[in-house]
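In the UniProt record's numbering, the protein residues as written are 1 to 280.
Have a look at the structure below, then the notes.
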């Protein structure tokens, strides 16, 4: 009551009614004994509301700092291909996975042809290949055996060198890569023989170790190898004649060839085990 009287004493009689109302309101808020929650401390808020503020944990503080200071964005890293994806890429490659050394050495005639071609062509870049080839073939026929022997010796040396290089390559090459390259070649060969593929494309030969044990011959092939020289005609005709003779044999007569074939099979099994043990 005393406070209201004090406010009224400060307001003149000439003050409008609205002004008096505003003065009383401002004075009331000025002298109010009930402070707002925004102007009191957290401790007072907890006492009045009954809810205590939980202290911030270190994890919450770190999360808050992370929100305030966002971490730098990591650069987008390319996803590493899986093992199966790498293999698939190799199988679809147009280039060979291995550099295979040549396995064939030039013959005596090939060496003579290479030398004679240069003599017939001379310094001229315009020449008929067919004419030169026929002239070289005719000259080869006129050579004596001693003259041909020189080229034969050169061919033998080249064959020995090539054989040594091939043997060294097969002894050090990764066999898993050889199998992968053969899978790639099989896929290419299958695609070239599929409907709609371009015609005339030669199939890629598979890589085969020439020093691996040879597979044993079956009984008929043993018989055919024995009779081949005594048969006449082309290789196909010889095979057909041997087939007819084989069918005419009795089981007792065939038994001899079956035993030889079995011996070859046993020997092949031993050789194959030793061969595989080299790369185990």
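For each residue, glycine too, the CB sits at the ideal point set by N, CA and C.
Quick one: any contact between the stretch 104–114 and the stretch 199–210, if contact means 3 or more CB pairs under 8 Å?
no
Here's a check: name, in chain order, each residue in its chain whose Cβ is nearer than 7 Å to the Cβ of residue 107, leaving out the five neighbours to either side.
Counting from one through the chain shown, the residue named residue 107 turns up at place 107. 155.
So within the stretch 192–261, which uninterrupted alpha helix (DSSP H) runs reach at least 4 residues, ignoring any that extend past its ends?
Entirely contained in the stretch 192–261, the alpha helix (DSSP H) runs reaching 4 residues are, in chain order, 219–227, 235–248.
How about residue 184 and residue 86: are their beta carbons less than 8 Å apart?
Here residue 184 refers to the residue found at position 184 of the chain shown. Here residue 86 refers to the residue found at position 86 of the chain shown. No; because the gap between Cβ atoms is not below 8 Å, this pair is not in contact.
Inter-stretch contact at 8 Å, needing at least 3 Cβ pairs: the stretch 263–279 / the stretch 208–221:
Per the Cβ contact rule, the stretch 263–279 is in contact with the stretch 208–221 (3 or more Cβ pairs under 8 Å).
Assign residue 174 to one of three DSSP states: helix, strand, or coil.
The residue given as residue 174 occupies position 174 in the chain shown. Three-state DSSP puts residue 174 in coil, outside helix and strand.
What residue does the alpha helix (DSSP H) around residue 94 start on, and which one ends it?
Translated into the one-based positions of the chain shown, residue 94 becomes position 94. For residue 94, no alpha helix (DSSP H) encloses it, and the DSSP letter there is neither H nor E.
Residue 231 and residue 241 closer than 8 Å at C-beta:
Counting from 1 along the chain shown, the entry for residue 231 is found at position 231. Counting from 1 along the chain shown, the entry for residue 241 is found at position 241. In contact: residue 231 and residue 241 (Cβ atoms closer than 8 Å).
Would you call residue 224 buried or exposed, if buried means 16 or more other Cβ atoms sit within 10 Å of its Cβ?
As a working note, residue 224 is residue 224 in the chain shown. Buried: at least 16 other Cβ atoms inside 10 Å.
Exposed or buried, what is residue 181 when buried is set at 16 or more other beta-carbons lying within 10 Å of its beta-carbon?
Looking up residue 181 in the chain shown gives position 181. Result: buried.
Secondary structure at residue 80, three-state DSSP: helix, strand or coil?
Reading the chain shown from its first residue, position 80 is the one you call residue 80. In the structure shown, residue 80 sits in coil (DSSP, three-state: anything other than H, G, I, E or B).
For my contact list, residue 265 and residue 216 are in at a C-beta cut-off of 8 Å; report their separation, rounded to the angstrom.
The sequence position of residue 265 within the chain shown is 265, counting from 1. The sequence position of residue 216 within the chain shown is 216, counting from 1. Sure, about 4 Å apart at Cβ, within 8 Å.
What are the boundary residues of the alpha helix (DSSP H) that includes residue 134?
Here the question's residue 134 lines up with position 134 in the chain shown. 129–142 is the span of the alpha helix (DSSP H), which, as asked, contains residue 134.
I'd like the list of long-range same chain contacts for residue 260, defined as Cβ closer than 8 Å, with 5 residues on each side in sequence excluded.
In the chain shown, the residue the question calls residue 260 occupies position 260. Same-chain partners within the cutoff: 219, 222.
Close-in-space but distant-in-sequence residues of the same chain around residue 160 (CB under 7 Å, 5 per side omitted):
Residue 160 sits at position 160 when you count from the first residue of the chain shown. So no residue of the chain qualifies.
Where residue 278 sits in the DSSP three-state scheme:
As a position in the chain shown, residue 278 is number 278, starting the count at 1. In this structure, residue 278 counts as coil in the three-state DSSP scheme.
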